[in-house]
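First the structure, in the form of structure tokens, and then the observations on it.
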Amino acid sequence: MKELTFPFDNSYIIKNKKKIKKALLNNNSVRIKKKIAVLCGSTANDIVSALELFLLDYGIEPDFYISEYNKYWEDAVFGNPEFEDFQPDIIIIHTTSRNITEFPESFSESKDSVNQKINSQFEKFCQMWEKLERFKCPVIQNNFETPLLRPTGNADFWEVHGKTFFINSLNMKLAEYAQAHENFYINDINYLASCFGLEKWHDSSYWYMYKYAMSLNAVPEVAYSLACIIKSIYGKNKKLIALDLDNTLWGGVIGDDGQEGIEIGHETAEAEAFEEFQRSIKDYKKFGVLLGVCSKNDESNALLGLNHPETVLTPDDFVSIKANWNPKDQNLMEMSSELSLLPESFVFIDDNPAECHIVESQISGISTINFTAVQEASYKLSRSGFFELTKLSSDDLKRNDMYIANAKRESQKKSFADYSEYLLSLDMNAVIEDFKPVYLQRITQLTNKSNQFNLTTKRYSDTDMQKVFESDRYIRLYGRLSDRFGDNGIVSVVIGEKNNDNLSIDLWLMSCRVLKREMEYAMLDTLVSECKKQNIRTITGYYFKTPKNNMVSELYKDFGFDLVKKFENGDSVWKLDISDYKNLNHAIKINESECISNG
Amino acid sequence: MDKKNVNERLNKVFRDVFDDDSITVNDSTTSADIEDWDSIEHITLIDAVEHEFKMRFKMKEVSGMKNVGEMISIILERGK
Chain A
1 MKELTFPFDN SYIIKNKKKI KKALLNNNSV RIKKKIAVLC GSTANDIVSA LELFLLDYGI
61 EPDFYISEYN KYWEDAVFGN PEFEDFQPDI IIIHTTSRNI TEFPESFSES KDSVNQKINS
121 QFEKFCQMWE KLERFKCPVI QNNFETPLLR PTGNADFWEV HGKTFFINSL NMKLAEYAQA
181 HENFYINDIN YLASCFGLEK WHDSSYWYMY KYAMSLNAVP EVAYSLACII KSIYGKNKKL
241 IALDLDNTLW GGVIGDDGQE GIEIGHETAE AEAFEEFQRS IKDYKKFGVL LGVCSKNDES
301 NALLGLNHPE TVLTPDDFVS IKANWNPKDQ NLMEMSSELS LLPESFVFID DNPAECHIVE
361 SQISGISTIN FTAVQEASYK LSRSGFFELT KLSSDDLKRN DMYIANAKRE SQKKSFADYS
421 EYLLSLDMNA VIEDFKPVYL QRITQLTNKS NQFNLTTKRY SDTDMQKVFE SDRYIRLYGR
481 LSDRFGDNGI VSVVIGEKNN DNLSIDLWLM SCRVLKREME YAMLDTLVSE CKKQNIRTIT
541 GYYFKTPKNN MVSELYKDFG FDLVKKFENG DSVWKLDISD YKNLNHAIKI NESECISNG
Chain B
1001 MDKKNVNERL NKVFRDVFDD DSITVNDSTT SADIEDWDSI EHITLIDAVE HEFKMRFKMK
1061 EVSGMKNVGE MISIILERGK
């Protein structure tokens, strides 16, 4: 929703929250339900109502538990029945510098004594986080914001008795704790307060009157930042930045101005701006964001520009380059199908507002960034939350390589007359076996990210997955696929629940980047053989229709299951008698290769 | 800015905040007359009124206003 997209109008959101909520609830979006506990050190009601709006917009329907005012520590450490019963999926600890209970009192205090105070404040928080581990769910903790008042002026920053020094030291400890603990995230309100302006943020009348730790107008900033973290935890980040070229990646028009005429590098102010913009885009690639080009240009000219001596981004940085004269929405749709990525996981950046408008109106769910000066685009992208990082898996870091390997596979495919011959030429090896602790995080991540090749779209939290892993009621398989072009990592997950001699498939998903590789057959073959070992005779499969998983509506039919029942809403139930099942996969070697298992 | 004008603008703010186009406020309107007007919405309302009239209420005024009439007289005195 436009009203909730950065840069948003804070006071508009506060004033019209009821109207906005009504509109969000009426737009028929499919949403996942999550229970969010907010433990607050100051009044949090408005933060919660603004957070609800941002989450609804991100496809998450929250149910909230809010602690009594300033009872965050007591709730966390001692518990209370309502909180325990709530069983949160996420816990937010909304504390601020107002909740620091002890600062240095006198300038005669030694450095050691100040350090002890810093440690004791930190340990109080640590104790709370450790106690909260009983819920086995993500915890989001605010850091501490810079104070407005500095009695000693600049010395407040460096002098050991300064509050700014105290707060910065505490913040450093928070960062270290987050680095050492999975499922623990920092909401950087210190950044938000600086961006918002400390004078405006610290409007203490809101504290005196309502116990708000910041001005009401800053509340949407806090809520938005929390929503970005939460939607990222649930796999709702974008995946690709598609970029226009002329006047976006460089100044000028390559077709008219030629390679020597475009502005990129250090010669002019404009050239500097575009060079820095390219650098800022390259920063996203470093943690696994994919880059693409979508430009109205002759391809030869586009490549000329991307090979400019001073360019930062070169053709190799992009997983797809669409430079032609077709409509941009058409090019983006093609890019999305070639890469097997949903178009809604794309962000499109173009200096031309008309292009952004067309793309947005033609492709539902895609985001666009338009700008007048290119540095504005960098900032909008940075505040967009599109790529909010919560988990950095090794797969994320390899993603660009994997897509580039995919492009190579595509080009090889063209040289084979027969598809099965092509598949054999890929020299594919799979490891398909029961879950291992080291992969649980990636497996859980996949259950929250996969939308298209997903039969039940069942989402698992870390806690849910741990339970599945520890129970002997389930048959679990993960599949990892490599080929001559590289390792695709874990690409498929199946969870089935045993009931006498039948296995019900709770979850069957696969990453779309290995579509049409017979990986789904390899998974089924392995599942059947595992079932036989455990005296299972039949397998029941379910297809639960969503707006995104049409591609697997007939998967069980393709597998040779019999249709048991088809429902009006599109859902269906299927059954397979495995007594004379014959293996379907011929292209992939399963659990044979030694070289794959060391990854 | 006259009283009629303030009343009209204020009415619009109330309708936005409580998302209810049937609301019409007058001098004697109090929180008892509007179902959703609780202590939390009061904060939202005060903030929205302050933005509309580009002014700030004093802390004493926020808790001391008895009805919309008193709000209007403060706005007439300091609002824009």
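First to last, the sequence lines map onto chains A and B.
First residue of the first sequence: 1, per my numbering; consecutive thereafter.
First residue of the second sequence: 1001, per my numbering; consecutive thereafter.
Just so you know, even glycine gets a beta-carbon here, dropped at the ideal spot from N, CA and C.
Note that the structure is a prediction, hence the values are computed from the model and not measured.
Residue span of the alpha helix (DSSP H) that contains residue i, given as start and end
i	result
A:Thr526	Met519 to Lys533
CB contact below 8 angstroms: residue i versus chain B
i	result
A:Leu216	yes
A:Lys19	yes
A:Met209	yes
A:Asn16	yes
A:Ser205	yes
A:Ser11	yes
A:Lys2	no
A:Phe8	no
A:Ile596	With a pLDDT of only 44 at A:Ile596, under 50, the local geometry of the prediction cannot be trusted, and the value read off the model is given with reservation. Chain B, which has no Cβ nearer than 8 angstroms to the Cβ of A:Ile596, makes this no.
Proximity to residue i [Cα-Cα], best of the options
i	options	result
A:Phe86	A:Glu52, A:Arg442, A:Ala430 and A:Phe135	A:Phe135
A:Asn27	A:Phe6, A:Asp9 and A:Leu56	A:Leu56
A:Lys173	A:Cys126, A:Asp283 and A:Ala273	A:Cys126
A:Lys33	A:Asp89, A:Cys40 and A:Lys15	A:Asp89
A:Leu342	A:Met519, A:Asn451 and A:Ala44	A:Asn451
A:Glu609	A:Trp201, A:Gly162 and A:Asn535	What is shown of chain A runs 1 to 599, which leaves residue 609 of chain A out entirely.
A:Ser367	A:Val139, A:Phe386 and A:Asp298	A:Phe386
A:Leu527	A:Ile590, A:Pro315 and A:Asn154	A:Ile590
A:Tyr422	A:Cys294, A:Met209, A:Ile230 and A:Arg484	A:Arg484
A:Gly197	A:Ala218, A:Ile490 and A:Trp207	A:Ala218
A:Leu509	A:Asn500, A:Ala522 and A:Val491	A:Val491
A:Asn454	A:Glu199, A:Lys548, A:Gln179 and A:Ile539	A:Lys548
A:Met209	B:Lys1058, B:Ile1074 and B:Arg1078	B:Lys1058
A:Asp580	A:Trp207, A:Phe567, A:Leu563 and A:Cys531	A:Cys531
A:Asn301	A:Leu291, A:Asn143, A:Gly292 and A:Ile321	A:Ile321
A:Leu392	A:Val319, A:Leu507, A:Val514 and A:Gly235	A:Gly235
Chain A within 8 angstroms of residue i, Cβ atoms only
i	result
B:Asp1033	no
B:Ile1090	Only positions 1001 to 1080 of chain B appear in the structure, and residue 1090 of chain B is not among them; the question remains open.
B:Val1017	yes
B:Asp1021	no
B:Thr1044	yes
B:Met1055	no
B:Ala1048	yes
B:Met1059	yes
B:Val1006	no
B:Val1062	yes
B:Lys1080	no
B:Ile1040	yes
In DSSP terms, what residue i is bridged to
i	result
A:Gln141	A:Ile93 and A:Ile186
A:Lys33	A:Glu61
A:Ile475	A:Gly496
A:Thr538	A:Asn502 and A:Asp577
A:Tyr543	A:Ser572
A:Cys294	A:Lys322
A:Ala44	None, per the DSSP bridge assignment.
Delimiting residues of the beta strand (DSSP E) encompassing residue i
i	result
A:Ser504	Asn502 to Met510
A:Ser205	It is not in any beta strand (DSSP E) - A:Ser205 instead sits in the alpha helix (DSSP H) that spans Ser205 to Tyr210.
A:Met214	First-last for A:Met214: undefined, no H or E at that position.
A:Ile349	Phe346 to Ile349
B:Glu1008	Run containing B:Glu1008: none in the beta strand (DSSP E); it sits in the alpha helix (DSSP H), Lys1003 to Phe1018.
A:Ala218	Premise fails: A:Ala218 is in no beta strand (DSSP E) and is neither H nor E.
A:Ala407	Counting along the chain, A:Ala407 falls outside any beta strand (DSSP E), though it belongs to the alpha helix (DSSP H) covering Ser394 to Lys413.
DSSP state of residue i mapped onto helix, strand, coil
i	result
A:Arg279	helix
A:Pro81	helix
A:Met335	helix
A:Ile596	With a pLDDT of 44 at A:Ile596, under the threshold of 50, the predicted position of this residue should be treated as unreliable, though the coordinate-derived value follows. Coil, per DSSP.
A:Thr444	helix
A:Asp580	coil
A:Leu321	According to the sequence shown, residue 321 of chain A is Ile rather than Leu. Looking at A:Ile321 - three-state DSSP - the assignment turns out to be strand.
A:Glu69	Reading off the sequence shown, one finds Tyr at residue 69 of chain A, where the question assumed Glu. The answer is coil: DSSP assigns A:Tyr69 none of H, G, I, E or B.
A:Lys565	strand
A:Gly305	helix
A:Glu74	helix
A:Ala354	helix
A:Lys124	helix
A:Val253	coil
Residues of the stretch 19 to 48 of chain A in Cβ contact with chain D at a cutoff of 8 angstroms, in chain order, please.
Although the question refers to chain D, the structure presented lacks it and instead comprises the protein chains A and B.
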